[in-house]
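Single-structure report; data block below.
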Amino acid sequence: MTEVIYRYDLISAVQIQNPTYFKGRSKVHIIRDILQHIDYEQEQKATEWGKNL
């Protein structure tokens with residue numbers, strides 16, 4: 158349940174920064190985009206961490 162709330166908080170944050178992003182997009186699309194962005198960031202951190210081993 159916390160994850161869902163967290164995702165909607167992220168959506169609110171994005172919406173405040175870029176309201177036009179939401180025009181014509183479903184919440185599913187938006188959540189998917191945000192999660193892909195988070196996954197990408199985590200992957201980048203893991204890659205950096207791996208290089209520093």
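Residue numbers are given in this note's numbering: position 9 of the sequence shown equals residue 166, and the series is strictly consecutive. All C-beta atoms in this analysis are idealised placements derived from N, C-alpha and C, irrespective of residue type, glycine included.
Query                                                              : Result
Through-space distance from Ile-195 to Trp-206, alpha-carbon basis : 16 Å
Gly-181 in three-state terms, based on DSSP                        : coil
Lys-202 to Lys-184 span [Cα, whole Å]                              : 27 Å
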